[in-house]
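Please read the structure below before turning to the comments.
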Amino acid sequence: MGGFSYLGRRILQSIPVLIGISLVSFFLIHLIPGDPVQAMLGNHYTPKAAAALRHSLGLDTPLPNQYLIFMRNLLHGSLGQSVYYQQPVTQVIMDRIEPTAWLVLYGSILAVVIAFPLGVLAALRPDGILDQIIRALFVTTLAMPSFWLGIILILFLSVDAQLFPVSGFGDTFTDHLRSLFLPSLTVAVGFGAVLIRSMRNSVIETMQQDYTRTARAKGLSFRVVLLRHVLRNALLPVITVFSVNIAFLLGSTVIIENVFAIGGVGQLLVSSILQRDYPIVQGITLLLAVLVVTLNFLTDILYALIDPRISYG
Amino acid sequence: MAVTDAEAIPGNVPEELGETAASRRGHITWPLVVGCAILALLALACIFAPLLTRYDPTAQDLLNPGAPPLSPGHLLGTDAPYGRDVLSRLLYGGRADLAIGVGGTLVTIIVGTIVGLIAGYFGGWVDSLLMRITDVFFAFPFLVLVLAIVAALGPSLFNVFVAIWLVGWVSYARIIRGQTLATKPLDYVQAANVIGSSHASIMRRHILPNVISAAIIFAMVDAIGNILLAAALGYLGLGVQEPAPEWGSMIASGQNYMVTQWWVPTIPGIAIVTVGIAFSLIGDGLTAYLRPRS
């Protein structure tokens, strides 16, 4: 029973945030100085085209009305019409979602693969040599522009060593795995750095717990204690860190997509900005925020399911 | 803000009663000194760029493109295909990135601190409203929201500032609110309340000095994030516009010629990493100095 009220409260909490997201996305188009219609049409401006676009964007009605129209369309699953592609925004985005989904997932998996062993290694001897090296790596990666790292990787591994394609998404499953390895690795280095630190701190803390000491005292080997007692408990806080940084992860994929030209939503966002296709910019911004809220929500539920200590009350 | 990073604020506990701000200061450690020295050197080099290089950063020398580093007259070489002096572009371009790191962060820390103080101190519906607003901003990937705002306002360095100012304050508001909530029930704050100090005076004199160090420490992480953001926007062609120099846009223009002129995209990247490490060191040093017991 308690579980349902926790779920219900968590859903209720998301509603004002979702309304806020819709308001921010709505007002984006009103930040454009001067006439947004003129800005969007640019060289193709004619009074007739302007009137048509103004009407299709609902800009010819008073502001509160515009928001209501925006919301009504949103609830019907419509994000408007792309000015450049002359297609529904949702359609244009859906056509490009696969490479982006790949990059996010692949990048997350690689981040975990990098972060877990390194985080545990650093925690085994806090302030030891390994810990210091891993810490220095962490500071350096956090200061490193991801797009620059991507370019360096392309230079060494694609151009010089010819191990990976320079750009693109590929056609088959194995193509995707190969084409997206470097972009995903670039995402993983930045995201993994954050995970390494939380993994390290979490493992150190768990190793100092009484149950860990008891397990060691009763004669279990270090390996068994580490696997059975420490790692299982140390994983929980890492899930939270993962959840908190989902927005950061999605943001970094936008840049990486442009470095490697994988043709996903992030690349669409930047090209639409340069083409002044504001309905697309608005749509992607809104969708990414909703995705963050949804993923945060799911990880919170997952956390509650895994950790029996969480009270649902 | 690149990372929503609660762990960057160690010792999130306000100090106990009876300690003055001065008595709990720690020692100045080497990371603080080294970090400040690196940053000061770089900043001075960028400010006094005209004294260090005789080339105009946008001046083209089409007869000498892609000269390697240590070429006569060009310490860091020239770029391709324009033959512009890389050292000049690096120093003049650094002005934009460092300005964003300092100017972007300074405004957001002030605004965020005020919002966080008000939310934490008054509580109730004021707090709920302000915190729901920060929730909304946190839902957007920071980079994407800044991109969208710059897209609407038009690509330029100034609009990158505006976008960061509009969005960046939320992290500070959250940090300061949490600290204020923990400080408010302490005896000396209650005492000030009893003797009839005004709300503004209590916030300024009794709460602010106890909560600000967490924000200052976070600001060092945030400054790195803002510089990375400015560079990313420059890289995507949405920040400083060519031919004006900026580290991110230098990397972008160098990318096309990286196979033959690897130094053109590499050098500005090293500059960004150096600034980032300097801010990290300062952050570590400040943590030791402001929160010695954590």
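Sequence order for the protein chains is P and Y. Residues in the first sequence are numbered from -18 upward in steps of one, following the working numbering. Residues in the second sequence are numbered from 412 upward in steps of one, following the working numbering. The C-beta atom is built at its ideal place from N, Cα and C for all residues, glycine as well. Note that the structure is predicted; figures quoted are calculated from it, not measured.
Under 9 Å from the C-beta of residue i: neighbouring residues of chain B
i	result
Tyr646/Y	Among the protein chains of the structure shown, namely P and Y, there is no chain B.
Cβ of residue i within 9 Å of any chain Y Cβ
i	result
Tyr293/P	Because the pLDDT of Tyr293/P is 48, which lies under 50, any placement of that residue in the model is unreliable, and the number read from its coordinates should be weighed accordingly. Not one chain Y Cβ lies under 9 Å of Tyr293/P.
Asn214/P	no
Arg53/P	no
Thr187/P	no
Ala270/P	yes
Ile10/P	yes
Arg257/P	yes
Leu4/P	yes
Gly173/P	no
Leu283/P	no
Thr266/P	yes
Gly61/P	no
Asn46/P	no
Asn277/P	yes
Leu163/P	no
Leu250/P	yes
Contacts that residue i makes with chain Y (C-beta to C-beta distance below 7 Å)
i	result
Ile95/P	Residues of chain Y passing the Cβ test: none, with the nearest at roughly 16 Å.
Val274/P	Ala550
Ala103/P	Within chain Y, no residue comes near Ala103/P; the closest Cβ sits about 14 Å away, beyond 7 Å.
Ile254/P	Leu558, Ala562, Leu649
Gly232/P	Pro552, Phe553, Leu554, Val555
Val140/P	Val670
Bridge partner(s) assigned by DSSP for residue i
i	result
Gln62/P	Pro69/P
Within-9 Å CB hit, residue i to chain P
i	result
Ile693/Y	no
Leu701/Y	no
Ala563/Y	yes
Gln652/Y	no
Ile586/Y	no
Ile449/Y	no
Ile662/Y	yes
Val632/Y	yes
Ala510/Y	no
Gly659/Y	yes
Gly696/Y	no
Gly523/Y	no
Ala433/Y	Note that Ala433/Y has pLDDT 49, beneath the 50 cutoff, so the model's placement of it is unreliable and the number below is only indicative. For Ala433/Y, the answer is no, since every Cβ of chain P falls outside 9 Å of its Cβ.
Pro679/Y	yes
Under 8 Å by beta carbon: chain P residues contacting residue i
i	result
Trp754/Y	Because residue 754/Y is not part of the residues shown, which for chain Y are 412 to 705, the question remains open.
Ile688/Y	Val120, Thr121, Ala124
Contacts of residue i in chain Y (Cβ-Cβ under 9 Å)
i	result
Gly1/P	Arg543, Ile544, Asp546, Val547, Phe548, Ala550
Val262/P	Leu558, Ala559, Ala562, Ala563
Cross-chain neighbours of residue i in chain P, by beta carbon under 7 Å
i	result
Met669/Y	Ile132, Leu136
Leu639/Y	Pro126
Gln601/Y	Near Gln601/Y there are no residues of chain P at all, since even the closest Cβ is about 31 Å away, more than 7 Å.
Gln666/Y	Ile132
Contact list for residue i against chain P, beta-carbon separation under 9 Å
i	result
Ile683/Y	Ala124, Met125, Pro126, Trp129
Pro676/Y	Trp129, Ile132, Ile133, Leu136
Ala642/Y	Pro126, Phe128, Trp129
Gly579/Y	What Gly579/Y touches in chain P: nothing, since even the nearest Cβ is about 13 Å away.
Ile635/Y	Leu123, Ala124
Residue i in three-state terms, based on DSSP
i	result
Val573/Y	helix
Asp41/P	coil
Val670/Y	coil
Ala655/Y	coil
Ala470/Y	coil
Ala664/Y	Checking the sequence, you will find Ser at residue 664/Y rather than Ala. Looking at Ser664/Y - three-state DSSP - the assignment turns out to be helix.
Arg436/Y	coil
Arg543/Y	helix
Tyr583/Y	helix
Arg257/P	coil
Pro28/P	helix
Gly696/Y	helix
Thr280/P	helix
His57/P	coil
Arg702/Y	coil
Ile(-8)/P	helix
Ile13/P	coil
Beta-carbon neighbours of residue i, restricted to chain Y and to distances below 8 Å
i	result
Val(-2)/P	Arg543, Asp546, Val547, Ala550
Pro14/P	Leu564, Gly565
Could you pull out every unbroken alpha helix (DSSP H) segment of at least 4 residues lying fully inside the stretch 138 to 185 of chain P, listed in chain order?
154 to 160
My parser needs the alpha helix (DSSP H) runs of 4 or more residues fully inside the stretch 203 to 251 of chain P; what are they?
Residue ranges of uninterrupted alpha helix (DSSP H) with 4 or more members, entirely inside the stretch 203 to 251 of chain P and ordered along the chain, are 213 to 225, 227 to 241.
Counting only runs that start and end within the stretch 473 to 519 of chain Y, where is the alpha helix (DSSP H) found for 4 or more residues in a row?
List check, alpha helix (DSSP H) in window: 497 to 510.
Please give me, in chain order, every unbroken run of the alpha helix (DSSP H) with length at least 4 that falls completely inside the stretch 69 to 124 of chain P.
Within the stretch 69 to 124 of chain P, the complete alpha helix (DSSP H) runs of at least 4 residues are 70 to 75, 78 to 105, 110 to 123.
Every unbroken alpha helix (DSSP H) within the stretch 594 to 626 of chain Y, with a cutoff of 4 residues, ordered by chain
598 to 605
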